[in-house]
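Asker: Let me begin by handing over the structure; questions about it come next.
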Amino acid sequence: MSIKSDKWIRRMAQEHGMIEPFVDGQVKRNESGEGIVSYGLSSYGYDVRCSDEFKIFTNINSAIVDPKNFDANSFVDVKSDVCIIPPNSFALARTMEYMRIPRSVLTICLGKSTYARCGIIVNVTPLEPEWEGHVTLEFSNTTPLPAKIYAGEGVAQFLFLESDEECETSYKDKAGKYQGQTGVTVPRL
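Encoded structure:
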């Protein structure tokens with residue numbers, strides 16, 4: 017397996033729609049010239065943006081968090097340019113980018129250092145070969161203070177690892193439960 021460079025990522029995005037919309041290069045300022053958390057193509061990865069759709073965890077119903085029987089009422093839906101995550105809590109969001117992972121590729125996600133240095137952890141499981149959709153992002157606020165996430169700005173970097181052979185069974189082959197997701201998706205069984 018080898019990590020793929022900006023040239024490979026650019027080609028796969030342009031010729032195969034691997035990342036849509038695709039931003040060819042790092043964007044570090046908004047239209048007004050103000051600094052933002054960067055997004056777009058980097059040397060060996062792609063920095064994705066957060067959409068303006070959020071599900072903020074709440075315990076108003078005193079529910080138990082159970083991945084086998086998840087209560088969607090444990091979230092409050094918010095559509096905004098920012099998301100305020102309560103102390104020691106978390107929120108779900110999704111990428112602005114729609115991803116189509118090739119059959120010979122495994123994609124790993126790492127949080128951006130700007131958020132990590134503020135105690136905000138981004139968690140995404142690996143994107144398996146032939147998975148596609150908007151990626152659901154989980155933001156954990158590990159601090160005792162409210163934390164802010166910005167929509168339309170960079171939140172995580174995706175690294176693409178390509179094997180020298182295609183996998184025997186892809187995510188698409190096994191009809192994975194999160195295949196083709198388009199919104200912020202809560203746990204499914």
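In this text, residue positions in the sequence shown follow our numbering: the first is 17, and each later residue adds one. Where is the CB? At the ideal position from N, CA and C, for every residue including glycine. In this text the structure is predicted, and so the values were computed from the model without any measurement.
#1: Output the boundary residues of the alpha helix (DSSP H) element that contains Y131.
#2: Enumerate, from N- to C-terminal direction, the unbroken alpha helix (DSSP H) stretches of 4 or more residues contained entirely within the stretch 106-182.
#3: With three or more beta-carbon pairs closer than 8 angstroms as the criterion, would you say the stretch 127-135 touches the stretch 99-108?
#4: Near S120, what residues of its chain come up, given a Cβ to Cβ distance below 6 angstroms and the 5 sequence neighbours on each side ignored?
#5: Is the stretch 19-38 touching the stretch 51-64, taking contact as three or more C-beta pairs under 8 angstroms?
#6: Here's the rule: buried if 16 or more other CB atoms are within 10 angstroms of the residue's CB, otherwise exposed. What is I19?
#7: Just checking, does the stretch 157-175 make contact with the stretch 188-195 on the three C-beta pairs under 8 angstroms criterion?
#8: Under DSSP, the alpha helix (DSSP H) around K84 begins and ends at which residues?
#9: What's the gap between the Cα of F155 and the Cα of I101?
#10: Would you check if the distance between the CB atom of L209 and the CB atom of T123 is smaller than 8 angstroms?
Answerer: According to the data block:
#1: 129-132
#2: 129-132
#3: no
#4: E178, S179, E182
#5: yes
#6: exposed
#7: no
#8: Careful: K84 lies outside any alpha helix (DSSP H) and carries neither H nor E.
#9: 8 angstroms
#10: Residue 209 falls outside the range modelled here, since the chain spans only 17 to 205, and no answer is possible.
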